[in-house]
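Presented below is the structure to which this report refers.
Residue numbers (the numbering used here): 353 to 556.
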């Protein structure tokens with residue numbers, strides 16, 4: 353039985369007209385990474401809307417029944433790739449989404465914990481990306497916008513999940529799009545290895 357690693361990026365939203373995470377996903381679709389036998393990668397670009405959490409993301413998970421989910425998004429003010437260690441129970445009520453809507457509730461779950469830890473090892477992902485030659489660090493703050501909310505939603509679905517923030521390409525002498533693609537491929541490779549180890553898939 354072939355299992356699926358779902359890999360997502362985001363489209364444009366107010367303040368970001370060209371999302372580098374979308375560009376990385378497009379590159380991966382054009383030249384898919386080699387996966388271990390019994391494992392495939394599926395790619396999607398998510399709309400930056402609060403409705404996506406109730407519509408697009410659940411539909412993708414139902415369609416692919418992923419063994420794990422690896423999300424990518426842009427963090428405009430960061431200069432290096434950041435692997436998020438947790439999703440926080442908070443949501444911006446000030447910033448509109450790509451459809452122009454604002455969220456009314458400042459918490460993702462009134463009855464939920466203050467944070468949920470990522471269930472794919474942040475340390476493992478940081479090490480893999482660093483080994484690819486791309487600057488990276490661990491982060492404990494995924495923000496309060498849809499990046500954070502998407503990780504939260506994947507975690508409450510019980511999926512092995514992680515979120516990686518990428519900076520805007522070529523900003524302030526930081527990583528370019530080739531670097532971001534290399535980081536993504538390294539992260540995908542690390543997650544694929546971990547899925548294979550857990551599920552007993554044969555090594556490539």
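Positions of the beta carbon are idealized from the N, C-alpha and C atoms, including for glycine.
- Per DSSP, reduced to three states, the secondary structure at residue 477 is helical.
- Looking at the DSSP output, residue 438 bridges to 469.
- In terms of Cβ geometry, residue 516 and residue 421 do not form a close pair [threshold 8 Å].
- Note: residue 409 is not bridge-paired with any residue in the DSSP secondary-structure output.
- Shortest Cα-Cα distance from residue 415 to any of 396, 542, 380, 375 involves 396.
- With 16 or more other Cβ atoms inside 10 Å of its own Cβ, residue 374 counts as buried.
- Taking a C-beta distance under 8 Å as the contact criterion, residue 536 and residue 424 qualify as a contact pair.
- Apart from sequence neighbours up to five positions away, the residues of its chain that approach residue 461 with a beta-carbon distance below 7 Å are 441, ordered along the chain.
- Each residue's CA atom was taken as its position, placing residue 383 and residue 531 some 15 Å apart.
- Separation of the CB atoms of residue 430 and residue 486 is rounded to 13 Å, and the pair is thereby denied contact status at 8 Å.
- Membership of residue 432 in any alpha helix (DSSP H) is not indicated, and neither H nor E is assigned to it by DSSP.
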